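S.K.:
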DNA sequence: ATAGGGTTAG
């Protein structure tokens, strides 16, 4: 009943737009504050204390200064310092002194300035923690973009008496090295897994990660070779399931060609199943090769398999991307005739595409149609809906949908939060965005890099340096590793705001971690330094880039 | 892990 009411209310907005316009006309802050007093996203007239905390970096501060432009953010490696600063603040106020957690102790050692050049292993010998599997997994997550720190810790952990790496820890290490493209070391770890007295450590799980990472780096042939050799070398069966995993990796990383080749080559030895065909059809559709996709569907039929929702949905998506909605409708009809009704994924794709091409009324019509069909929306669907509403200027409707989700029995996930945070920032609702980040914590929904990216961008743009520092710290606390994309975002954003010194700090830090930003970013930084006549800094950047491009990863010296 | 997101734009 309630749901029904809401939909009609939503759809009615598209025609009269009365309510919407009324809200929109009022730009006065006070009014919007009074009108929205909802639990999650509302803005209160008084800054809530946690926002103050967020903004002040210490518990219960009195006021928020506006001059945070002048605040110079410490380089990332000295977060530990600021962390100490924090705990001092706390212990002054409270009698109880919180003991430092093991993860933070490890973090402190790994962040020592010289650690990445020198010996992480030796540094850690002074670190007084008890290694457990969960600690290892947490460290690997927190340093998933800093392979030499992660690897140094990994080696050290292995040397600790009473501890042995589990299959999960090994797989996590393999994945970190693959992510950072340190493939030779990655294979070394895999071979070590094989040699271990504990047998069966290398599994399809391990090899799937390897294939995915290789494909992601454009090393398609190597991914295929890894598959072909894995039974012989590591005893991992090359069955249908494993082949699907390989083809999925190839297709997802944009090489339908390699996937197709594998398919033809292995057709006689490994029996394909319906999933195999769906993966290939998806790949062809993604590459806009409609003829090949159709041929594959015919082959699928001949080979005793029937096209299903997934098969048709791949075509639906491809035609959506072409903007050919007439063809989309034809396929939807065909699906129903063949007894594969569109499901929530199909509807999400159609709605999202319509919204993207500014056909909002039609997009909302899909929402109606879906409910009529008895198809229940899920979190990803809501995320799309929120996004298109926000993008078409209907932010309040987006907020309404966001808040109604849980009433509809759908839990909000990271993607939904990320979408809502981006939307809020897009509509200059900075406070709401921060409030949403806080709500994630309360709902035990872990943020990821994408959660922080738009917030960091806002900080750079508005020169909110204090908040920037706090957010970066927040990331570390939540085990979100800073990746190249984030460094690029920071460097470019800070350059644009004339904060070259800070941009340089981040640049140096990125290089120190073995992540060299692209040429365009380096150029931007150098030009900015030239403009400001900072010749010395310019030279430093130049030499940093050169030293790092010569040996892309300095080998780690571990005993 | 077979199909769905955003990201980044002055």
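Numbering (full-length UniProt numbering), first residue to last: 1 to 559.
Glycine included, every Cβ here is placed at the ideal spot set by N, Cα and C.
All figures in this text were calculated on a predicted structure; none of them were measured in a lab.
Sort 174, 407 and 438 by Cα distance to residue 417 and report the nearest one.
M.R.: Indexing the first chain from 1 puts residue 417 at position 417. Per the Cα distances, 438.
S.K.: The alpha helix (DSSP H) that contains residue 454, what's its start and end?
M.R.: In the first chain, the residue the question calls residue 454 occupies position 454. 449 to 462 is the span of the alpha helix (DSSP H), which, as asked, contains residue 454.
S.K.: If I measure Cβ to Cβ from residue 66 and keep anything under 7 Å in the same chain, skipping five residues before and after, which residues do I get?
M.R.: Working through the first chain from its first residue, we reach residue 66 at position 66. Caution is warranted here: a pLDDT of 43 is assigned to residue 66, below 50, making its placement in the model unreliable, and the coordinate value is therefore given only provisionally. Excluding the 5 residues flanking it on each side, residue 66 has no same chain C-beta neighbour closer than 7 Å.
S.K.: Three or more C-beta pairs closer than 8 Å, one from the segment 325 to 340 and one from the segment 296 to 305: is that the case here?
M.R.: no
S.K.: Would you mind sorting residue 546 into buried or exposed? The rule is 16 or more other CB atoms within 10 Å of its CB.
M.R.: The count along the first chain starts at 1 and reaches residue 546 at position 546. Per the 10 Å Cβ criterion, exposed.
S.K.: For the segment 367 to 374 and the segment 389 to 397, state whether three or more C-beta atom pairs, one from each stretch, are separated by less than 8 Å.
M.R.: no
S.K.: Can you give me the start and stop residues for the alpha helix (DSSP H) that residue 530 sits inside?
M.R.: One-based indexing of the first chain puts residue 530 at position 530. Unbroken alpha helix (DSSP H) run through residue 530: 519 to 531.
S.K.: For the putative contact between residue 386 and residue 346, defined by C-beta atoms under 8 Å, what is the C-beta separation to the nearest angstrom?
M.R.: What you label residue 386 is simply residue 386 of the first chain in a count that begins at 1. What you label residue 346 is simply residue 346 of the first chain in a count that begins at 1. Wrong, their Cβ atoms sit about 19 Å apart, outside the cutoff.
S.K.: Just curious, the alpha helix (DSSP H) that residue 182 is in, first and last residue?
M.R.: The residue you call residue 182 lines up with position 182 of the first chain. That residue, residue 182, is in no alpha helix (DSSP H); it is neither H nor E in DSSP.
S.K.: Run through DSSP, which three-state label would residue 108 get?
M.R.: Within the first chain, residue 108 is the residue found at index 108, counting from 1. If DSSP states are grouped into helix, strand and coil, residue 108 belongs with the helices.
S.K.: What is the C-beta distance between residue 147 and residue 180, in whole angstroms, given that I count them as a contact (C-beta under 8 Å)?
M.R.: As a first step, residue 147 must be located in the first chain, where it is residue number 147. As a first step, residue 180 must be located in the first chain, where it is residue number 180. Rounded, the Cβ-Cβ distance is 4 Å, consistent with contact.
S.K.: Could you check the C-alpha separation between residue 204 and residue 169 for me, to the nearest Å?
M.R.: Locating residue 204 in the first chain gives position 204, where the first residue counts as 1. Locating residue 169 in the first chain gives position 169, where the first residue counts as 1. Cα to Cα, residue 204 sits roughly 15 Å from residue 169.
S.K.: Quick one: residues in its chain with C-beta nearer than 7 Å to the C-beta of residue 352, no 5 flanking neighbours on either side, listed in chain order?
M.R.: Within the first chain, residue 352 is the residue found at index 352, counting from 1. Contacts found: 384 and 388.
S.K.: Taking DSSP as the reference, what is the three-state secondary structure of residue 290?
M.R.: Counting from 1 along the first chain, the entry for residue 290 is found at position 290. Here residue 290 sits in helix by DSSP.
S.K.: Should the segment 124 to 138 be called in touch with the segment 459 to 473, which here means at least 3 C-beta pairs below 8 Å?
M.R.: no
S.K.: Taking the alpha carbon of residue 139 as the point to measure from, which residue in 101, 525 and 511 has its own alpha carbon closest?
M.R.: What you label residue 139 is simply residue 139 of the first chain in a count that begins at 1. Taking only the C-alpha atoms, the option nearest residue 139 is 101.
S.K.: Kindly give me the distance between the Cβ atoms of residue 135 and residue 155, rounded to whole angstroms, as I take these residues to be in contact under 8 Å.
M.R.: Position 135 of the first chain, counting from 1, holds the residue named residue 135. Position 155 of the first chain, counting from 1, holds the residue named residue 155. That belief does not hold up - the Cβ atoms of residue 135 and residue 155 are roughly 15 Å apart, past 8 Å.
S.K.: Which same chain residues end up closer than 7 Å to residue 540 when comparing Cβ atoms and leaving out the 5 residues on each side of it in sequence?
M.R.: Counting from 1 along the first chain, the entry for residue 540 is found at position 540. Excluding residues within five positions, none has a Cβ falling inside 7 Å.
S.K.: Determine the direct distance from the alpha carbon of residue 318 to that of residue 236, and round the result to whole angstroms.
M.R.: Here residue 236 refers to the residue found at position 236 when the first chain is read from its first residue. Here residue 318 refers to the residue found at position 318 when the first chain is read from its first residue. Going from the Cα of residue 236 to the Cα of residue 318 covers about 35 Å.
S.K.: Run the CB neighbour count on residue 474, radius 10 Å, all protein chains shown included, and call it buried at 16 or more, exposed below.
M.R.: For the purposes of this step, residue 474 is taken as residue 474 along the first chain, with counting starting at 1. Looking at its Cβ environment, which holds 16 or more other Cβ atoms inside 10 Å, residue 474 is buried.
S.K.: Got a sec? Which residues, its chain only, sit under 8 Å from residue 415 by beta carbon, not counting five neighbours each side?
M.R.: For the purposes of this step, residue 415 is taken as the residue at position 415 of the first chain. If we look at residue 415 and ignore the five residues flanking it on each side, its Cβ neighbours are 379, 380 and 383.
S.K.: So, helix, strand or coil for residue 442, using DSSP?
M.R.: Stepping through the first chain from its first residue, residue 442 is reached at position 442. DSSP places residue 442 in helix when its eight states are reduced to three.
S.K.: Would you call residue 232 buried or exposed, if buried means 16 or more other Cβ atoms sit within 10 Å of its Cβ?
M.R.: Residue mapping note: residue 232 aligns to position 232 of the first chain, counting from 1. Burial call: exposed.
S.K.: Roughly how many angstroms lie between the CA atoms of residue 295 and residue 208, to the nearest whole one?
M.R.: For this step, residue 295 is matched to residue 295 along the first chain. For this step, residue 208 is matched to residue 208 along the first chain. The alpha-carbon atoms of residue 295 and residue 208 are separated by roughly 28 Å.
S.K.: When the distance is taken between beta carbons, is residue 433 closer than 9 Å to residue 458?
M.R.: Taking the first chain and counting its residues from 1, the one referred to as residue 458 is at position 458. Taking the first chain and counting its residues from 1, the one referred to as residue 433 is at position 433. A contact, by the Cβ cut-off of 9 Å.
S.K.: If you drop the 5 nearest sequence neighbours on each side, which residues of the same chain put their C-beta closer than 7 Å to that of residue 223?
M.R.: For this step, residue 223 is matched to residue 223 along the first chain. Annotation for residue 223: 211, 214, 215, 246, 249 and 250 place their beta carbon closer than 7 Å to its own, counting only its chain and skipping 5 residues before and after.
S.K.: How is residue 390 classed by DSSP in three states: helix, strand or coil?
M.R.: Translated into the one-based positions of the first chain, residue 390 becomes position 390. Here residue 390 sits in helix by DSSP.
S.K.: Given this structure, state the Cα-to-Cα distance separating residue 176 from residue 542, to the nearest angstrom.
M.R.: Position 176 of the first chain, counted from the first residue, corresponds to residue 176. Position 542 of the first chain, counted from the first residue, corresponds to residue 542. Approximately 28 Å, taken between the alpha carbons.
S.K.: Considering only the beta carbon of each residue, do residue 456 and residue 436 sit closer than 9 Å?
M.R.: As a position in the first chain, residue 456 is number 456, starting the count at 1. As a position in the first chain, residue 436 is number 436, starting the count at 1. The answer is no: Cβ separation not under 9 Å.
S.K.: Could you tell me whether any non-hydrogen atom of the ligand MN is closer than 8 Å to the CB of residue 500?
M.R.: Absence of the ligand MN is noted for the structure shown, with no ligands found whatsoever.
S.K.: Since residue 500 and residue 528 should fall inside the 8 Å C-beta cutoff, what is the C-beta to C-beta distance between them, to a whole number of angstroms?
M.R.: Position 500 of the first chain, counting from 1, holds the residue named residue 500. Position 528 of the first chain, counting from 1, holds the residue named residue 528. Confirmed, about 5 Å.
S.K.: With a cut-off of 8 Å on the beta carbons, I'd call residue 443 and residue 412 a contact; round off their distance for me.
M.R.: By one-based count along the first chain, residue 443 stands at place 443. By one-based count along the first chain, residue 412 stands at place 412. So it is a contact: roughly 7 Å between Cβ atoms.
S.K.: Have a look at residue 240 and residue 263 and give me their C-alpha separation to the nearest angstrom.
M.R.: As a working note, residue 240 is residue 240 in the first chain. As a working note, residue 263 is residue 263 in the first chain. Taking the straight line from one Cα to the other gives about 11 Å.
S.K.: What's the C-alpha gap between residue 355 and residue 229?
M.R.: By 1-based counting over the first chain, the position of residue 355 is 355. By 1-based counting over the first chain, the position of residue 229 is 229. So the alpha carbons of these two residues sit roughly 46 Å apart.
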